[in-house]
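Asks:
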């Protein structure tokens with residue numbers, strides 16, 4: 302029994318010594334009172350960056366429209382008669398003053414001869430009356446009647462000459478004769494429509510802009526239209542409406558496009574592109590955008606002191622492989638990777654990304 306007691310006492314003393322050695326021997330000494338602790342240096346976070354330079358970017362307004370003739374005229378008769386000659390066919394392009402339709406003159410030439418003879422007679426009578434009035438052998442009232450008869454005869458002559466001229470219906474301007482509504486032998490009255498003429502040079506592209514956008518447009522500014530056929534044409538803004546459409550609150554616009562070969566027909570759907578304003582903007586990847594705590598959209602950049610700065614930006618346009626933003630300095634070092642893990646004012650170690658694709662204009 303004595304031996305076992307000694308062994309137990311020895312084991313207890315050993316355990317006490319082992320605990321004491323682990324608790325006190327391995328711990329560093331606490332700093333003395335009044336002595337400041339020394340912090341170990343913290344390594345700056347690494348972020349990937351790319352340089353970006355601003356470029357002029359023109360904000361473009363795009364609206365859907367359609368092509369239309371610059372002028373459209375319903376051709377109508379100004380006298381009655383029978384269609385004697387048709388000099389054109391539907392779809393023809395005609396020049397100014399080209400003959401389209403000729404009405405039969407019938408007895409108009411005989412009436413013309415009679416009116417001419419009557420004018421000659423009235424002229425002789427008026428001359429004789431004037432001589433007698435000067436010599437006092439005729440009253441002034443009688444002489445005035447002779448002059449009135451002459452003027453009446455001249456008026457009748459002018460009327461028949463005008464009626465004969467109206468038997469010829471000519472094109473008042475160059476254009477396409479899209480429809481012809483009469484046949485040879487038809488008898489027409491005054492104001493009968495014989496066809497429709499369209500002026501296709503220039504052609505216009507008609508669209509509508511909202512009341513918020515109309516103030517940014519200027520007459521005479523250049524524009525373009527992308528036709529549904531795939532063709533793109535250039536033109537000039539020739540008309541901006543002054544009164545909004547009551548139903549849509551939009552304003553009519555017209556882009557005038559030269560069309561000398563009549564290659565662009567009327568009635569095509571088109572997208573009209575009109576330049577609004579030119580800004581200084583950067584082309585960046587959407588992945589470079591960040592949101593501030595208050596929801597402000599911006600981009601994080603690194604300044605000359607390798608410190609993170611948050612710059613609010615405005616997206617001005619989308620492109621196929623990036624976006625245009627305004628608000629950044631002309632030259633900026635943009636954080637492309639890691640911006641979500643660094644904060645405003647934080648010191649970072651920038652790692653330059655060579656040949657960054659998103660910082661180049663597409």
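Residue numbers (this note's numbering): 302 to 663. Backbone N, C-alpha and C define an ideal beta-carbon position, used for all residues, glycine too. Keep in mind it's a predicted model, so treat the numbers as computed, not measured.
With burial defined as no fewer than 16 other Cβ atoms inside 10 Å of the residue's Cβ, what is the status of residue 499: buried or exposed?
Replies: For the purposes of this step, residue 499 is taken as the residue at position 198 of the chain shown. Buried, since its Cβ has 16 or more Cβ neighbours within 10 Å.
Asks: Just mark residue 581 as buried or exposed, buried being the case when its beta carbon has 16 or more other beta carbons within 10 Å.
Replies: On the chain shown, residue 581 is found 280 positions in, with the first residue counted as 1. So residue 581 counts as exposed.
Asks: Are the beta-carbon atoms belonging to residue 573 and residue 556 less than 7 Å from one another?
Replies: Locating residue 573 in the chain shown gives position 272, where the first residue counts as 1. Locating residue 556 in the chain shown gives position 255, where the first residue counts as 1. Yes. Within cutoff.
Asks: Please confirm whether residue 618 and residue 625 have their CB atoms less than 7 Å apart.
Replies: Taking the chain shown and counting its residues from 1, one reaches residue 618 at position 317. Taking the chain shown and counting its residues from 1, one reaches residue 625 at position 324. A contact, by the Cβ cut-off of 7 Å.
Asks: Suppose the cutoff is 6 Å on Cβ atoms and the five residues either side in sequence are ignored; what does the same chain contact list for residue 413 look like?
Replies: Counting from one through the chain shown, the residue named residue 413 turns up at place 112. 461, listed in sequence order.
Asks: Output the distance between the C-alpha atoms of residue 351 and residue 606, rounded to the nearest integer angstrom.
Replies: Walking along the chain shown from the start, residue 351 turns up at place 50. Walking along the chain shown from the start, residue 606 turns up at place 305. Between residue 351 and residue 606, the C-alpha separation is close to 16 Å.
Asks: By the DSSP assignment, the beta strand (DSSP E) with residue 406 in it spans what residues?
Replies: In the chain shown, counting from the first residue as 1, residue 406 sits at position 105. Looking at the DSSP string, residue 406 is not in any beta strand (DSSP E), and its letter there is neither H nor E.
Asks: Just how far apart, CA to CA, sit residue 380 and residue 516?
Replies: Along the chain shown, one-based indexing puts residue 380 at 79. Along the chain shown, one-based indexing puts residue 516 at 215. Approximately 48 Å, taken between the alpha carbons.
Asks: Give the secondary structure of residue 586 by DSSP, where H, G and I count as helix, E and B as strand, and everything else as coil.
Replies: Along the chain shown, one-based indexing puts residue 586 at 285. Reduced to three states, the DSSP call for residue 586 is coil.
Asks: From residue 616 to residue 397, what does the alpha carbon distance come to, in whole angstroms?
Replies: Residue mapping note: residue 616 aligns to position 315 of the chain shown, counting from 1. Residue mapping note: residue 397 aligns to position 96 of the chain shown, counting from 1. So the alpha carbons of these two residues sit roughly 51 Å apart.
Asks: Which residues in the same chain as residue 323 place their Cβ atom closer than 6 Å to its Cβ, once the five residues preceding and following it in sequence are excluded?
Replies: Looking up residue 323 in the chain shown gives position 22. Residue placement at residue 323 is flagged as unreliable, the pLDDT there being 48, under the threshold of 50; the coordinate-derived value follows with that caveat. Contacts found: none.
Asks: Within 10 angstroms of its Cβ, does residue 486 collect 16 or more other Cβ (buried), or is it exposed?
Replies: Position 185 of the chain shown, counted from the start, is the residue given in the question as residue 486. When all chains shown are included, residue 486 counts as exposed.
Asks: Which residue comes first and which comes last in the alpha helix (DSSP H) that contains residue 448?
Replies: Start at 1 with the first residue of the chain shown, and residue 448 comes out as number 147. That run of the alpha helix (DSSP H) goes 441 to 466.
Asks: If you pair each beta-carbon of the stretch 349 to 368 with each one of the stretch 492 to 510, do three or more pairs fall below 8 Å?
Replies: Contact holds: three or more Cβ-Cβ distances are below 8 Å.
Asks: Would residue 270 be called buried (16 or more neighbouring beta carbons within 10 Å of its own) or exposed?
Replies: The structure shown does not extend to residue 270, since the chain is modelled only from 302 through 663, so no value can be given for it.
Asks: I'd like to know if the stretch 371 to 380 and the stretch 466 to 474 are in contact, where contact means that at least 3 CB-CB pairs between them fall below 8 Å.
Replies: The stretch 371 to 380, when compared against the stretch 466 to 474, does touch it at the 8 Å Cβ threshold.
Asks: Out of curiosity, what's the CA-to-CA distance linking residue 565 and residue 545?
Replies: The count along the chain shown starts at 1 and reaches residue 565 at position 264. The count along the chain shown starts at 1 and reaches residue 545 at position 244. Between residue 565 and residue 545, the C-alpha separation is close to 28 Å.
Asks: State the Cα-Cα distance for the pair residue 642 and residue 604, rounded to the nearest angstrom.
Replies: Here the question's residue 642 lines up with position 341 in the chain shown. Here the question's residue 604 lines up with position 303 in the chain shown. Straight-line Cα distance between these residues: approximately 17 Å.
Asks: Along the chain, which unbroken stretches of the beta strand (DSSP E) at least 3 residues long are found entirely within the stretch 474 to 535?
Replies: Listed in chain order, the complete beta strand (DSSP E) runs (minimum 3 residues) inside the stretch 474 to 535 are 476 to 481, 494 to 511 and 523 to 528.
Asks: Inspect the beta-carbon positions of residue 609 and residue 635 and report whether they are closer than 7 Å.
Replies: Looking up residue 609 in the chain shown gives position 308. Looking up residue 635 in the chain shown gives position 334. No; because the gap between Cβ atoms is not below 7 Å, this pair is not in contact.
Asks: Could you check whether residue 614 and residue 602 sit closer than 7 Å to each other, using their CB atoms as the reference points?
Replies: Translated into the one-based positions of the chain shown, residue 602 becomes position 301. Translated into the one-based positions of the chain shown, residue 614 becomes position 313. No, these two residues do not count as a Cβ contact at 7 Å.
Asks: Note down the Cα distance separating residue 638 from residue 598, rounded to an integer number of angstroms.
Replies: In the chain shown, residue 638 corresponds to position 337, counting from 1. In the chain shown, residue 598 corresponds to position 297, counting from 1. If I take the Cα positions, the gap works out to 17 Å.
Asks: On the premise that residue 357 lies in contact with residue 579, defined as a C-beta separation below 8 Å, what is that separation, rounded to the nearest angstrom?
Replies: Within the chain shown, numbered from 1, the residue matching residue 579 stands at position 278. Within the chain shown, numbered from 1, the residue matching residue 357 stands at position 56. Their Cβ separation, rounded to whole angstroms, is 5 Å, which keeps residue 579 and residue 357 in contact under 8 Å.
Asks: Compare the beta carbon distance of residue 416 and residue 448 with 7 Å and say whether it is the shorter of the two.
Replies: Counting from 1 along the chain shown, the entry for residue 416 is found at position 115. Counting from 1 along the chain shown, the entry for residue 448 is found at position 147. No, they are not a contact pair.
Asks: State the beta-bridge partners of residue 632 as determined by DSSP.
Replies: Along the chain shown, read from residue 1 onward, the residue named residue 632 stands at position 331. In DSSP, residue 632 forms a bridge with 354.
Asks: Pull the bridge partners of residue 362 from the DSSP assignment, please.
Replies: Residue mapping note: residue 362 aligns to position 61 of the chain shown, counting from 1. Answer is 575.
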